[in-house]
Amino acid sequence: MRFIKFNHYWNICDIIKIDELNIWGENMKKFFSLLIIFVGIISFTVTIYPLVNRIEVEPNKDELKLSINVSNPNAGIAEVDVEFTDFIIEGTTYLYEVENYKYSIKNWISVEGTKLILQPGESKDYEITINIPRDFRGAQAFGAVHFKQKGGKTDVFETVFDYVSVIILDFPFQKVIRPEILDVKIFDLTSNASETFLEKYGNFGTVLDLEVRNNGNAVLAVNGEIRLISREINRIITSLPLDNTTFVVFPEQTATFEYFVPFVFPRGEFEIQLDGVSQGIRVTNFKKITIVGEQPKEVAVLIDPYIVLIDVQRTIENFKVNIQNLSPESLEFSLKTENDALEIFPSKIRLFPYTKINGFVKFDSRNTTLEDGDNIYKINITSDKDILLFKEPVVVLRNGNLITECNTFVSDVSTDTFIVNVENTGNTILEGKIIKQDPLQSSDLTKVFVLFPKETKKFVIPSGYNEIAKNSTFILYRLYGDETFDKKKIVGDVK
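Going by my numbering, the sequence shown opens with residue -13, and the numbers climb by one from there.
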């Protein structure tokens, strides 16, 4: 949830946000992690409390009063404008404008004034009155109070700090939570997927777009799962876990959720089942669809983990793996590498559709000589069929002197983006991520990525590039397999 809005990403405070807004859990716990991400001087900003006001409305109550504390801890006078908006969550997106939303309290609020002037060190309780309509019969209602303070202004941009306090009212009416799966779109990455999906997920698997409506009078926020079932082969293909911080639909609203699964689905009758608990209430729904077209020709096998890391310490080393069929037909195959000191068991494998088995990799150091660093061997598959190995799995034999190092530089600078180039110059696999780090906090600019020795990757950063960006953009990296990022360097100059 963004609490600071501004026109230039790098030139002033980025964001003050609630990192985790888990207010729909079983025990109605409110857990908030307030992160202040600092780029420029923020010594002129005010503070507000509480960030979330959750109020139990008593029966037959037609008026509520609450106060939000606004403090100016700084040396200058603070001028603050107050605004009232709607508030809903669509999936993981926060919206403050929803036309004619009957669960909004925006038009129920009355105040004495909408402008605050705070002297240095002054604190005020901003009083709000909520007039509840007599005919309202929802179980919950929502709104947001914005405390807006102007910051610095230049010819290029003006900074506006937008501090948001959310109001949630719980009414003494029975909560009705009725999810309805309105539509399901299936995109097979082996046949009918867009370039966007192929770039995002690769060329094997399936993307699901799930459109869900909440026909109830309270928030749908599910802890549970979505089951994907093929009625053609009477099998649950997979289950997708749902979390009440990300699978959220407000009353009488619709949200779309996107999921990737590393399976191709059989054609024919299919069922999507939603099952879980929302605010202590059991919720279920299902949708039947028909997947049309020819049966997929591509088949694949998954080895988990796809990087089989063996830290060679003994003469014989063993490593357990899971081997799974990602396809709607039975497969027979064997697995091996180009190093005869490595064996993968079972030596001959038969897997029915979507089933998996336990296997293991055996290494005998007496049958080979290893170099220092990560010795990487691609796993190959042998079969009468053309079978893809998902994510191109490898066996890594880690040995001797390990060098973890990388080079970085910036290129392709434009008005709104620049590219960070990262090259692994060591002899081990690295994990890394690019961050923006400021005096008080840091934020991730990329997800964690894997970089093999001598490999180079490019990362597009959605921001303009200037001295502030140069001095606050870093790469964190570590030896693959380690738990913490113990190495850090600035991304470098433009080349």
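Glycine residues also receive a C-beta, built at the ideal position from the N, C-alpha and C atoms.
- According to DSSP, residue pairing for K88 in a beta bridge does not occur.
- Listed in chain order, the alpha helix (DSSP H) elements of length 4 or more contained wholly in the region 355 to 407 amount to none.
- Per DSSP, the beta-bridge partners of L52 are I114.
- DSSP lists no bridge partner for I163.
- With fewer than three CB-CB distances shorter than 8 angstroms, the region 38 to 50 does not count as touching the region 201 to 211.
- Scanning G202, N93, K273, V396 for the CA closest to the CA of Y451 turns up V396.
- Assigned with DSSP and collapsed to three states, R336 falls in strand.
- Rounded to the nearest angstrom, the Cβ distance from N311 to T341 is 6 angstroms, consistent with a contact under 8 angstroms.
- Assignment of R268 by DSSP, reduced to helix, strand and coil, places it in the strand class.
- Taking C-beta atoms under 8 angstroms as the contact rule, P439 and D360 qualify, at a distance of about 7 angstroms.
- For the options V382, V434, D472, E357, the alpha carbon positioned closest to that of E391 is the one of D472.
- Remark: C-beta atoms of T411 and N393 approach each other more closely than 8 angstroms.
- In the DSSP assignment, S225 falls outside any alpha helix (DSSP H) and within the unbroken beta strand (DSSP E) covering 221 to 228.
- Of the residues assessed, R464 falls on the buried side of the cut-off, its CB having 16 or more other CB atoms within 10 angstroms.
- Put simply, of N58, V84, E76 the residue whose alpha carbon is nearest the alpha carbon of F70 is V84.
- A direct Cα-to-Cα measurement between V234 and S180 gives close to 27 angstroms.
- Of all alpha-carbon atoms in N457, I461, T432, the one lying nearest the alpha-carbon of P448 is that of T432.
- Annotation for K419: the continuous beta strand (DSSP E) segment containing it runs 416 to 423.
- In the structure shown, N353 adopts helical secondary structure according to DSSP, grouped into three states.
- For the set K348, N117, R253, the Cα lying nearest the Cα of F173 is the one of R253.
- Between the C-alpha atoms of V150 and F190 there is a straight-line separation of about 42 angstroms.
- For L288, the uninterrupted beta strand (DSSP E) segment begins and ends at 285 to 290.
- Looking at N220, L214, G77, D430, the one whose alpha-carbon comes closest to that of F460 is D430.
- Pairing S177 with P282, the inter-Cα distance amounts to about 8 angstroms.
- Under the DSSP assignment, T71 falls in the beta strand (DSSP E) whose first and last residues are 64 to 71.
- A residue is called buried once 16 or more other Cβ atoms fall within 10 Å of its Cβ, and G279, having fewer, is exposed.
- The Cβ atoms of S333 and S320 lie closer than 8 angstroms to each other.
- T323 places its beta carbon less than 8 angstroms from that of Y363.
- Boundaries cannot be given for E441, as no beta strand (DSSP E) includes it and DSSP labels it neither H nor E.
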